[in-house]
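Visitor: One structure coming up, written as structure tokens, with questions to follow.
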Amino acid sequence: MKRIETDRLIVRNFKPEDWKDLQEYVSYEEVIKYEEDWDTSDEGCKSYTKFFSKGDTFWAVELKDSKKVIGHVYFNRAKPERFLTWDLGYIFNPLFYGKGYATEGCNAILQYGFEKLGMHRAVAKCNPDNITSWRLLERISMRKEGLCKKAVTIKTTETGQPIWWDEYIYSILSEEWKRFECKYIEQI
Ligand SMILES: CC(C)(COP(=O)(O)OP(=O)(O)OC[C@H]1O[C@@H](n2cnc3c(N)ncnc32)[C@H](O)[C@@H]1OP(=O)(O)O)[C@@H](O)C(=O)NCCC(=O)NCCS
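Numbering (the working numbering), first residue to last: 1342 to 1529.
In structure tokens form, the structure reads like this:
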């Protein structure tokens, strides 16, 4: 299992038994306002964590003190792979907002990408109305590259028509990255 240790967090691969913590935060309406709907049933959440635990795309963010999983970071290699670019995303539990945990977790993942994976560029996208999301991106030194008009549809109207959203694109390059303190722990 891959683990990254920061001051207050362990950012690590998911384990199937994380499903209850995941269920807690994906069940808040405010959390999925700008996201695809999640299946919040016990079975649904068990299948998410089982799937996440098989790869390195979804990283659980655990509080060091309580061992509670308070959110996750999505980190997916974009195609074609020779572009050395990863997409970044994140969802956290509202009970733990406003403490810098998302900043710390995302910094750890970016550091891992730049130091261990040879990442050249990381990209993140968000709805301009999702202010806490783009403020997070600016805290982790990502640069706004542009605004794409009516670029995505995630939700539909009551009659099933797509609702089109604008999207900000943020990025950071390896040469722009300022080193963040964390430890990589390989665990059997
Ligand atoms: C996006 C999201 C992760 C941001 O959460 P957040 O709590 O604002 O972000 P952080 O954990 O980094 O906390 C930052 C806040 O803590 C404060 N803070 C306290 N201690 C801090 C520290 N040590 N380091 C950094 N910030 C700290 C910051 O000042 C900031 O507060 P402010 O917003 O009042 O200025 C969260 O809103 C979320 O999960 N949203 C739902 C899912 C979602 O929309 N995902 C994105 C889809 S594009």
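Quick reminder that beta carbons are idealized off the backbone N, C-alpha and C, glycines included. As the structure is a prediction and not an experimental result, all values here were calculated from the model.
For Glu1370, which of helix, strand or coil comes out of DSSP?
Guide: Mapped onto the sequence shown, residue 1370 falls at position 29. Coil, per DSSP.
Visitor: Which first and last residues belong to the beta strand (DSSP E) in which Arg1462 is found?
Guide: Counting from 1 along the sequence shown, the entry for residue 1462 is found at position 121. That run of the beta strand (DSSP E) goes Arg1462 to Cys1467.
Visitor: When the Cα atoms are used, what is the spatial distance from Ile1529 to Lys1409?
Guide: Counting from one through the sequence shown, the residue named residue 1529 turns up at place 188. Counting from one through the sequence shown, the residue named residue 1409 turns up at place 68. Below a pLDDT of 50, predicted positions are generally treated as unreliable, and Ile1529, at 49, falls in that range; the measurement from the model is reported next regardless. Whole-angstrom Cα-Cα distance: 21 Å.
Visitor: Using CA coordinates, which residue listed in Asn1468, Leu1425 and Glu1517 is at the minimum distance from Glu1376?
Guide: The residue you call residue 1376 lines up with position 35 of the sequence shown. Here the closest residue by C-alpha is Asn1468.
Visitor: Could you check what DSSP says for Arg1349 in three-state terms: helix, strand or coil?
Guide: To locate residue 1349, count along the sequence shown from 1; it is residue 8. Coil.
Visitor: Closer than 8 Å is the cut-off here; do at least three beta carbon pairs connect the stretch 1440-1454 with the stretch 1375-1393?
Guide: no
Visitor: Can you tell which of Lys1440, Asp1397 and Asp1507 has its C-alpha closest to the C-alpha of Thr1494?
Guide: For the purposes of this step, residue 1494 is taken as residue 153 along the sequence shown, with counting starting at 1. For Thr1494, the closest alpha carbon among the candidates Lys1440, Asp1397 and Asp1507 is that of Asp1507.
Visitor: Alpha carbons only, please: which of Lys1485, Met1483, Asp1362 and Lys1343 is nearest the one belonging to Ser1407?
Guide: Sequence index remark: in the sequence shown, residue 1407 carries index 66 (1-based). Out of Lys1485, Met1483, Asp1362 and Lys1343, Asp1362 has the C-alpha closest to the C-alpha of Ser1407.
Visitor: Is the beta carbon of Glu1504 within less than 8 Å of some heavy atom of ligand 1?
Guide: Indexing the sequence shown from 1 puts residue 1504 at position 163. Note that residue 1504 is Ile in the sequence shown here, rather than Glu. Flag unset: Cβ of Ile1504 not near ligand 1.
Visitor: Could you give the DSSP three-state label for Cys1489: helix, strand or coil?
Guide: Counting from 1 along the sequence shown, the entry for residue 1489 is found at position 148. Cys1489 falls in the strand class under three-state DSSP.
Visitor: What is the rounded straight-line gap between the Cα of Glu1403 and the Cα of Leu1350?
Guide: Sequence index remark: in the sequence shown, residue 1403 carries index 62 (1-based). Sequence index remark: in the sequence shown, residue 1350 carries index 9 (1-based). Looking at the two C-alpha atoms, the distance is approximately 6 Å.
Visitor: Are the beta-carbon atoms belonging to Gly1430 and Ala1465 less than 9 Å from one another?
Guide: Working through the sequence shown from its first residue, we reach residue 1430 at position 89. Working through the sequence shown from its first residue, we reach residue 1465 at position 124. Yes.
Visitor: Identify which residue in Ile1504, Phe1424 and Trp1427 has its Cα closest to the Cα of Lys1490.
Guide: Position 149 of the sequence shown holds residue 1490. Selected option, being the one with the closest Cα: Ile1504.
Visitor: Below 8 Å on the Cβ atoms is my guess for Tyr1525 versus Tyr1453; work out the distance and round it to an integer in Å.
Guide: As a position in the sequence shown, residue 1525 is number 184, starting the count at 1. As a position in the sequence shown, residue 1453 is number 112, starting the count at 1. With a contact defined as Cβ atoms closer than 8 Å, Tyr1525 and Tyr1453 qualify at about 7 Å.
Visitor: Between which two residues does the alpha helix (DSSP H) containing Arg1418 stretch?
Guide: Within the sequence shown, numbered from 1, the residue matching residue 1418 stands at position 77. No alpha helix (DSSP H) contains Arg1418, which is instead part of the beta strand (DSSP E) from Val1410 to Arg1418.
Visitor: Measuring from the CB of Tyr1438, is there a heavy atom of ligand 1 at a distance below 8 Å?
Guide: As a first step, residue 1438 is located in the sequence shown; it is residue number 97 there, counting from the start. Tyr1438 Cβ: within cutoff of ligand 1.
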